Amino acid sequence: MQELKYSDDLAGKANKYVAGCKATKPNTESEADYAGLGMTTLTNPGDDLKKAILDTYNDEGKNYDYGSNNCSGTCDNYKQAVWANTTEVGCAKNECP
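Mapping the sequence shown onto UniProt numbering, position 30 (from 1) lands on 30, and the numbers just tick up by one.
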């Protein structure tokens, strides 16, 4: 597992994305700014954003089987967070109409 560091560059990309108020993740194959990146998005997470993010990872982690590296349900966000090669994270939030 790599040391996880905060990236201002990734935060800038996240900020650019959330400013567009899109409800879906960017296409990492057709949108060059997001090529090769994993992204966790939450819409309407309530008042406690940090708790909502951690709850998402915790809930998805229950669906992950380490032995087979497979999910019994949704766990893509969890896998991104715990993937051994993940080295950077950046965050942004926005309130959309």
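Where a beta carbon is used, it is the ideal one built from N, C-alpha and C, also for glycine.
Fair warning: this is a prediction, and the values are worked out from it, not measured in the lab.
- By the Cβ-count criterion, Tyr17 is buried, with 16 or more other Cβ atoms from all chains shown falling within 10 Å of its own Cβ.
- Ala14 sits buried, since 16 or more C-beta atoms from the chains shown fall within 10 Å of its C-beta.
- Around the beta carbon of Tyr78, 16 or more other beta carbons lie within 10 angstroms, which makes this residue buried.
- Scanning Lys93, Thr24, Ile53 for the CA closest to the CA of Ala81 turns up Ile53.
- Check the Cα spacing between Gly20 and each of Tyr64, Tyr57, Thr43, Asp9: the tightest is with Thr43.
- Secondary structure in the region 2–48: the alpha helix (DSSP H) runs of 4 residues or longer, each lying completely within the stretch, are 8–19 in chain order.
- Shown here for Leu49: same chain residues with a beta carbon closer than 8 Å to its own, the five before and five after excluded, namely Leu42, Lys93 in chain order.
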